[in-house]
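One structure is given here, and the rest of the page talks about it.
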Amino acid sequence: MTSTSTAPAPEPTLYIDGKWVHSKSRHTRTIINPFDNSAITTIDEACAEDAEAAIVSAKKFFDTSDWAHKKCAERCPLLQKVADLLQRDKEIIAEIETKDTGKTLTESRIDVDDVTAVFRYYAEEALKLDAEKQIAGEGIPETVNSRTVHDPVGVCVLIAPWNYPLLQICWKVAPALATGNAVIMKPSEVTPLSTIYLTKLLIEAGFPTGSLHLLTAGGASVGPTLTEHRDVDLVSFTGGLDTGRRIIQSCAGTVKRCTVELGGKNPNIVFSDCDLDWAIDNVVTAVFLHSGQVCSSGARLIVEESIADELIAGVVEKARHIKMGNGLNPESETGPLVSAAHLAKVEEYVKIAKAEGAKLLVGGSRPDPIAHPELSNGFFFLPTVFDRCERSMRIVREETFGPILTVERFKDGDEEHAIFLANDTKYGLAGGVQSKDVARAERVARRLRHGSVWTNTYGSYTPRAEWGGFGLSGNGRELGSKGLDEYIETKHMWTENKPVKVGWFKGQGPLLKPKL
Ligand code: NAD
């Protein structure tokens with residue numbers, strides 16, 4: 001949770017035109033550790049004037065430096081250097097991320113390793129863009145050299161959410177810089193600290209002044225300036241559906257490129273042939289990791305009737321024993337929700353679910369403060385399971401982004417109904433299919449209208465494969481080679497090596513006199 005004030009920030013946290021500066025507004029924001037509601041630090045709250053300064057700097061750099069015209073091969077060593085620096089400072093960054101988000105240190109370390117892999121992947125993948133693609137064949141004279149080349153898009157605004165702050169900004173900044181853009185990063189106001197640290201590493205790696213900017217601010221402070229500005233060429237946004245819609249509308253006026261990666265309400269289908277213990281572990285991990293604050297979390301269990309009662313009983317039992325605590329404590333298995341505001345939202349969804357008639361099996365509240373005084377200052381919420389859920393309920397249809405599992409059942413053997421339920425969502429980010437019958441699992445997985453589908457596992461990803469959603473989960477792809485495509489323009493170049501007169505206009509028509 002954060003709050004704005006005018007108490008000075010100990011260090012400037014805006015990086016504009018090669019300098020660390022305080023906000024022109026002098027407004028600041030206190031960053032809170034969600035584990036115990038204590039203040040971690042105070043940062044600058046950028047204003048519209050700061051956003052304008054960042055855009056001017058980025059535009060000037062993009063237009064006047066040779067950065068955009070270099071080969072990727074010249075820029076990519078800088079990405080390798082960032083990867084080295086991330087590994088050098090892995091423990092520092094992991095601790096920052098854990099204090100800021102509440103997630104466990106183990107998860108934060110995995111995030112640092114993952115983003116290291118992202119920088120390394122794009123340092124290699126971007127090299128492929130240096131090759132010109134020759135276009136020959138019917139309709140192209142032999143005297144012509146026709147080829148496509150790649151240019152960077154220009155000034156890119158990169159906006160990230162609070163749940164995976166380091167990860168989400170790196171998925172954007174690595175391909176954007178590899179391809180020669182000038183970037184303005186805007187992390188979530190709730191969890192900006194790892195992005196501030198990342199900026200220092202990018203500077204240390206040697207990215208030139210003007211290629212890199214950082215604005216720490218809430219969406220309302222700088223959002224409209226960034227997204228409506230005519231000198232911003234691209235907005236890449238990850239966050240909630242409502243904000244995504246607003247951003248698409250803001251970008252429309254200048255027809256700028258705009259990709260949005262949004263929420264999910266992700267089904268996890270479990271067939272009755274699964275080993276029970278294994279399936280319990282699968283379902284619990286899919287939904288309760290990072291206290292459910294994962295866009296791809298398996299929040300909807302869709303289970304075959306004959307295994308349902310036993311599976312649910314096992315899930316409930318395991319949920320009861322999840323060890324919540326300080327992410328810095330190696331014994332903690334999961335941390336708190338990120339903020340008081342988010343906790344209130346999750347509590348509201350529990351009320352809604354009860355009112356809709358869903359049956360609460362476990363959780364549904366904050367931990368008992370007498371039994372767990374160590375959790376009472378933080379934003380903890382117990383792992384929660386609702387049975388008897390119907391597809392019409394809001395708890396099934398809307399993203400709670402908390403540790404809440406809903407259960408829907410399908411009749412034994414009714415594969416079609418399982419698929420129908422899994423696809424019955426406005427979102428389409430991710431889903432799981434669990435079955436020992438490999439042919440069936442493959443058949444069902446193929447039919448799911450979701451951007452990532454896991455069979456007999458849940459949640460893995462690689463920088464080498466695209467990530468993104470169908471439906472209202474978004475309109476772009478990050479990671480993989482398509483993640484690079486988001487940041488490039490493709491230019492067709494047609495060069496005539498033996499110029500001849502075209503002769504279309506022969507000069508034999510009547511004299512066309514201008515009307516004076
Ligand atoms: P959010 O939409 O509230 O905020 C996301 C970012 O947008 C923040 O940096 C915020 O400051 C900024 N913002 C808010 N209003 C803005 C405006 N008008 N203009 C410009 N920027 C603005 O989302 P959140 O609560 O931070 O993140 C949670 C959401 O993110 C969930 O819905 C989750 O599913 C989604 N998410 C999606 C993915 C994915 O890959 N699809 C990954 C992680 C999170």
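Its first residue numbered 1, the sequence shown is counted upward by one per residue in the UniProt record's numbering.
Don't be surprised by glycine CBs; every beta carbon is placed ideally from N, CA and C.
Model, not experiment: these values are computed from the prediction.
Can you list, in chain order, the residues of its chain whose CB lies under 6 Å from that of residue i, leaving out five sequence neighbours each side?
i: Pro267; result: Arg300, Ile302, Ala422, Gly431
i: Lys411; result: Glu305
i: Met1; result: Any reading at Met1 must be qualified, since the residue scores a pLDDT of 43, below 50, and its modelled position is unreliable; the value itself is stated next. Counting only Cβ-Cβ distances below 6 Å, and skipping sequence neighbours, we find Ile32, Ser339, Ala340.
i: Pro463; result: Ala117, Val118, Tyr121, Leu479
i: Gly218; result: Glu189
Please report the residue range of the alpha helix (DSSP H) in which residue i lies.
i: Arg109; result: 105-125
i: Trp171; result: 165-178
i: Glu415; result: 415-423
i: Tyr349; result: 340-356
i: Ser250; result: 241-252
i: Lys482; result: 480-485
i: Ile280; result: 276-288
i: Leu226; result: 219-228
i: Val396; result: 394-397
i: Arg446; result: 438-447
Leaving out five residues on either side along the sequence, give the residues of the same chain with a beta carbon under 8 Å from the beta carbon of residue i.
i: Leu105; result: Ala94, Glu95, Thr98, Gly327, Leu328, Pro330
i: Ala160; result: Gln168, Ile169, Lys172, Met185, Lys186, Pro187, Ser188, Thr195, Thr238, Gly239
i: Arg147; result: Glu132, Lys133, Gln134, Ile135, His492, Met493
i: Leu177; result: Arg75, Leu78, Leu79, Val183, Leu202, Phe207, Ser211, Leu212
i: Asp437; result: Phe271, Asp273
i: Tyr197; result: Asp89, Ile92, Ile93, Ile96
i: His150; result: Leu129, Thr179, Ile488, Glu489, Thr490, Lys491
i: Thr199; result: Tyr15, Met185, Leu212, Leu214
i: Lys318; result: Ile280, Asp281, Val284
What is the residue span of the beta strand (DSSP E) that residue i lies within?
i: His492; result: 488-496
i: His69; result: Note, His69: premise wrong, no beta strand (DSSP E); not H, not E.
i: Pro187; result: It is not in any beta strand (DSSP E) - Pro187 carries neither H nor E in the DSSP assignment.
i: Pro267; result: 267-270
i: Ser236; result: 234-238
i: Ile93; result: First-last for Ile93: 90-101, but that is the alpha helix (DSSP H), not the beta strand (DSSP E).
i: Thr406; result: 404-410
i: Ser38; result: 38-44
i: Thr502; result: Checking the sequence shown, residue 502 turns out to be Val, not Thr. Careful: Val502 lies outside any beta strand (DSSP E) and carries neither H nor E.
i: Val294; result: Taken as a continuous stretch (DSSP letters only), Val294 belongs to no beta strand (DSSP E), as it is neither H nor E.
i: Leu14; result: 14-16
Which same chain residues end up closer than 7 Å to residue i when comparing Cβ atoms and leaving out the 5 residues on each side of it in sequence?
i: Ala174; result: Leu79, Val118, Phe119, Tyr122
i: Ser23; result: Leu14, Asp44, Glu45, Ala46, Cys47, Asp50
i: Glu496; result: Thr143, Val144
i: Ile16; result: Asp50, Ala53, Ala54, Ser57, His213
i: Ser473; result: Leu262, Gly263, Gly264, Tyr427, Gly428, Leu429, Gly451
i: Pro12; result: Trp20, Val21, His22, Asp44
i: Ser5; result: Thr28, Thr30
i: Ile352; result: Arg394, Ile395
i: Asp231; result: Ile55, Lys59, Val155
i: Phe62; result: Ala68, Gly154, Val155, Ala182
i: Lys256; result: Val232, Asp233, Leu234, Val235
Per the DSSP calculation, residue i is bridged to which residue(s)?
i: Met324; result: Thr334
i: His150; result: Thr490
i: Ser452; result: Ala430
i: His213; result: Ile184
i: Cys156; result: Val183, Leu234
i: Gln134; result: Arg147
i: residue 519; result: This structure leaves residue 519 out entirely; the chain is present only between 1 and 516.
i: Asp387; result: Lys359
i: Val303; result: Val270, Arg409
i: Thr259; result: Ser236
My guess is that residue i and residue j are in contact by the Cβ rule of under 8 Å, so how many angstroms apart are they, rounded?
i: Val287; j: Ser272; result: With a Cβ gap of about 19 Å, Val287 and Ser272 do not count as contacting.
i: Pro152; j: Tyr487; result: 6 Å
i: Lys81; j: Ala205; result: 4 Å
i: Ala7; j: Thr42; result: 6 Å
i: Trp162; j: Glu478; result: Contact doesn't hold; Cβ gap of about 17 Å is too wide.
i: Thr455; j: Val433; result: 5 Å
i: Ile269; j: Val315; result: With a Cβ gap of about 15 Å, Ile269 and Val315 do not count as contacting.
i: Thr259; j: Glu228; result: In fact, because the Cβ distance is near 17 Å, the residues do not count as touching under 8 Å.
i: Arg397; j: Glu408; result: Not confirmed; about 11 Å, so no contact.
Between residue i and the ligand ATP, is there a pair consisting of the residue's CB and a ligand heavy atom that are separated by less than 6 Å?
i: Ile159; result: In the structure shown, the ligand ATP is absent; the only ligands present are the ligand NAD.
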